[in-house]
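Just below is one structure, and these are the notes that go with it.
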Amino acid sequence: MTLKSKLISCIAMAVLFVCIIIVGVLAIDQQTIKMKGSVVFEVDDPSLYIRDVRIQQSMSDTPTTVEGFMKGFINGEYKLDMSNQTIDDNAVGSFLLYFDIVNLINNGTTTQYKAQSSWTNGEVSGIRFKIREESQIIEAGTVTAENMTDSTPLSGTLVLEVNTNNTNSFDLSNITITLDEYFVPIDTGLSFSLNDSNKTATVTGYTGAATELVIPSSISTRTVDGNTIYVEGSRYTVTAIGNGSYGNSLFGAATNLQHITLPSTLTSIGSFAFQNCTGLTGELVIPSNVTSIGASAFNGCTGFTSLSLPSGLTTLNDAAFNGCSGLTGTLTLPASLTNFGANVFLNCSGFSKLKFEEGFSCNNIGYAAFNGCSGLTGSLSIPASVKTINGYAFYNCTGMTGTLTIPSSVTTINQSAFQNTRFTGTLTIPSSVTTMGTSVFRDSTGFTKVVFEEGLTEIAESVLFNCTGIIEVRIPSTIASIGGSAFYNCTHLATVYVASPPIAGLLTARNACGNLLYNAQTVYVSTAASTSLPSQFSTMFTETTSDVSGYKKYE
Numbered sequence: 000m001t002l003k004s005k006l007i008s009c010i011a012m013a014v015l016f017v018c019i020i021i022v023g024v025l026a027i028d029q030q031t032i033k034m035k036g037s038v039v040f041e042v043d044d045p046s047l048y049i050r051d052v053r054i055q056q057s058m059s060d061t062p063t064t065v066e067g068f069m070k071g072f073i074n075g076e077y078k079l080d081m082s083n084q085t086i087d088d089n090a091v092g093s094f095l096l097y098f099d100i101v102n103l104i105n106n107g108t109t110t111q112y113k114a115q116s117s118w119t120n121g122e123v124s125g126i127r128f129k130i131r132e133e134s135q136i137i138e139a140g141t142v143t144a145e146n147m148t149d150s151t152p153l154s155g156t157l158v159l160e161v162n163t164n165n166t167n168s169f170d171l172s173n174i175t176i177t178l179d180e181y182f183v184p185i186d187t188g189l190s191f192s193l194n195d196s197n198k199t200a201t202v203t204g205y206t207g208a209a210t211e212l213v214i215p216s217s218i219s220t221r222t223v224d225g226n227t228i229y230v231e232g233s234r235y236t237v238t239a240i241g242n243g244s245y246g247n248s249l250f251g252a253a254t255n256l257q258h259i260t261l262p263s264t265l266t267s268i269g270s271f272a273f274q275n276c277t278g279l280t281g282e283l284v285i286p287s288n289v290t291s292i293g294a295s296a297f298n299g300c301t302g303f304t305s306l307s308l309p310s311g312l313t314t315l316n317d318a319a320f321n322g323c324s325g326l327t328g329t330l331t332l333p334a335s336l337t338n339f340g341a342n343v344f345l346n347c348s349g350f351s352k353l354k355f356e357e358g359f360s361c362n363n364i365g366y367a368a369f370n371g372c373s374g375l376t377g378s379l380s381i382p383a384s385v386k387t388i389n390g391y392a393f394y395n396c397t398g399m400t401g402t403l404t405i406p407s408s409v410t411t412i413n414q415s416a417f418q419n420t421r422f423t424g425t426l427t428i429p430s431s432v433t434t435m436g437t438s439v440f441r442d443s444t445g446f447t448k449v450v451f452e453e454g455l456t457e458i459a460e461s462v463l464f465n466c467t468g469i470i471e472v473r474i475p476s477t478i479a480s481i482g483g484s485a486f487y488n489c490t491h492l493a494t495v496y497v498a499s500p501p502i503a504g505l506l507t508a509r510n511a512c513g514n515l516l517y518n519a520q521t522v523y524v525s526t527a528a529s530t531s532l533p534s535q536f537s538t539m540f541t542e543t544t545s546d547v548s549g550y551k552k553y554e
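Just so we're aligned: 40 in numbering that gives the first Met the number 0 is position 41 of the sequence shown, and the numbers increase by one with no gaps anywhere.
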């Protein structure tokens with residue numbers, strides 16, 4: 000090779016080497032991302048602690064802590080300067096930022112990091128965040144931490160995947176992360192049972208000392224030092240307040256408790272849940288999804304002043320609100336109610352009005368359901384769905400001074416159902432009633448007229464005992480018997496109509512046939528029944544000219 004050829008070859012090699020260097024430099028520059036500005040956190044909670052911020056250039060790389068990062072509490076505004084950060088060899092055109100944020104709690108002896116299960120779709124360890132950005136693509140990632148153990152830091156990590164759009168510069172100054180709802184530890188006095196099959200939770204007790212308690216709508220669990228703790232989260236939905244037992248209310252030990260907020264997710268409240276929690280005051284709000292309230296659930300809670308039952312409630316068990324004498328205003332029973340227990344509102348003397356919602360479908364009024372509700376006023380119309388009015392249902396409802404309407408759907412009125420009420424006007428007992436207990440209207444002094452409809456076969460013992468306001472009574476032809484003292488001490492009963500031959504035949508004395516003629520001045524006996532009158536009747540009454548068609552008149 001000649002000298003000239005060697006020279007040309009060397010020059011060519013040098014040029015090639017320089018080109019390679021230039022291309023390499025350009026390639027490196029194209030793969031290097033330079034950052035600008037600061038990431039800003041906005042939060043108003045001094046317990047939130049940012050433990051680490053890491054950057055990952057690609058999925059195959061190990062995340063490394065951002066240069067210059069300092070651990071610290073986030074309170075107010077927290078800025079993380081990213082202007083000195085660069086990412087090299089990033090051929091994928093994106094990178095990941097990890098913000099490790101925890102709720103730092105000191106329980107007096109040890110410091111714990113507590114957080115919720117995951118950050119998904121903007122919900123991270125109980126912290127909801129908003130990302131305000133203008134032009135760059137930012138997506139939230141997910142970190143699952145449901146199975147954390149003692150050895151796993153209880154933290155939540157916000158992952159931002161940043162698409163650089165293949166540019167070699169990325170400005171972070173337009174990103175603000177706002178933590179507008181932060182993790183709140185659940186009151187340590189609450190205990191739960193958890194159902195892993197349907198991810199629901201039931202409150203099983205409370206031993207805390209709070210005056211105001213908010214039961215969360217959902218919870219998660221964590222293990223700290225071998226113990227399970229409950230934290231706010233979405234893993235288990237709180238759907239029930241569990242059952243206590245007589246004298247052992249779930250919240251009975253919470254003597255400081257004055258106000259309680261039940262979660263909207265609640266569907267049932269168990270028996271004896273709040274029995275004798277006399278410190279609870281104000282409005283009792285039963286969530287709209289509750290369908291069942293257990294026996295004695297609020298028995299003896301005298302401090303509540305108002306109550307609204309949910310429109311979907313189906314079951315009110317025995318003594319659910321027994322003795323809640325502080326409840327006032329209108330009590331509205333929802334149309335959805337199908338099961339009405341005994342003593343449900345016993346001695347709730349503060350209610351002033353009772354309303355059955357339109358479409359009320361329950362077929363019974365429970366035993367002693369409104370016994371002692373002396374504050375109830377006005378008239379009462381039993382809904383058409385009701386077949387049975389159980390014993391003592393309205394006993395001692397002395398404030399009711401309007402009229403009483405019993406529909407033809409009712410077949411049974413049990414003992415003392417309306418005893419010692421003050422209803423006025425005409426009382427009509429429909430022919431549908433086939434069973435009537437003793438003393439049903441005893442001591443109800445306001446009625447002035449009583450009509451037993453045609454079709455009834457008997458009048459029970461003491462049914463109108465001491466009903467001193469009654470002036471007139473009508474006995475239909477179908478009545479075959481009248482119980483003892485049925486009309487005893489009806490001192491103003493002046494006019495009696497008798498169309499029943501069997502009853503006419505028993506009118507032997509003023510104290511006969513349930514004292515029907517105790518103070519009668521005028522007796523009308525149907526023409527058909529008059530032939531059954533005993534001879535003793537003529538010693539008490541004399542026939543006069545009748546002014547009622549089909550009846551003979553005796554005075």
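Even glycine gets a Cβ: it sits at the ideal position worked out from N, Cα and C.
Taking the Cβ atoms as the reference, threonine 327 lies roughly 6 Å from serine 305, within the contact range of under 8 Å. Taking leucine 505 as the centre and dropping the five residues before and after it, the same chain places the C-beta of Ala511, Cys512 closer than 7 Å to its C-beta, in chain order. In the structure shown, the three-state DSSP call for phenylalanine 339 is strand. Annotated three-state conformation of glutamine 55 is strand, per DSSP. Per DSSP, serine 529 is one residue of the alpha helix (DSSP H) stretching across 526-529. Minimum Cα-Cα distance from glycine 436 among the listed residues Gly482, Thr444, Ile474, Pro406 corresponds to Gly482. Under the criterion of beta carbons closer than 8 Å, alanine 528 and alanine 493 do not qualify as touching, at roughly 20 Å.
In the three-state reduction of the DSSP assignment, isoleucine 185 falls in the coil class, being assigned neither a helical nor a strand state.
Check the Cα spacing between isoleucine 381 and each of Thr397, Thr402, Cys372: the tightest is with Thr402.
In the DSSP annotation of this structure, the continuous segment of the beta strand (DSSP E) that includes alanine 239 starts and ends at 235-240. If you draw a straight line from the Cα of leucine 283 to the Cα of glycine 398, it comes to about 24 Å. Taking 3 residues as the minimum length, the beta strand (DSSP E) runs contained wholly in the region 235-316 are 235-240, 258-260, 281-284, 303-307, in order along the chain. About 6 Å separates the beta carbons of serine 430 and leucine 455, which is inside the 8 Å limit, making them a contact pair. For isoleucine 214, no alpha helix (DSSP H) encloses it, and the DSSP letter there is neither H nor E. In the three-state reduction of the DSSP assignment, alanine 503 falls in the helix class. Secondary structure of threonine 327 (DSSP, three-state): coil. Here isoleucine 364 is bridged, per DSSP, to Ile388. Of the residues assessed, asparagine 419 falls on the buried side of the cut-off, its CB having 16 or more other CB atoms within 10 angstroms. Going by beta carbons, lysine 78 and valine 52 fall outside the 7 Å limit. Excluding five sequence positions before and after glycine 390, the CB atoms of its chain that fall closer than 8 Å to its own CB belong to Tyr366, Ala367, Asn413, Gln414, Ser415, Ala416, Gly436, given in chain order.
Residue ranges of uninterrupted alpha helix (DSSP H) with 4 or more members are absent from the region 378-456; none lies entirely inside it.
CA-CA distance, threonine 260 to serine 378, rounds to 34 Å. Distance check between leucine 463 and each of Tyr496, Asn514, Ser525 places Asn514 closest, using alpha-carbon atoms only.
Phenylalanine 273 and leucine 249 have their C-alpha atoms spaced approximately 6 Å apart.
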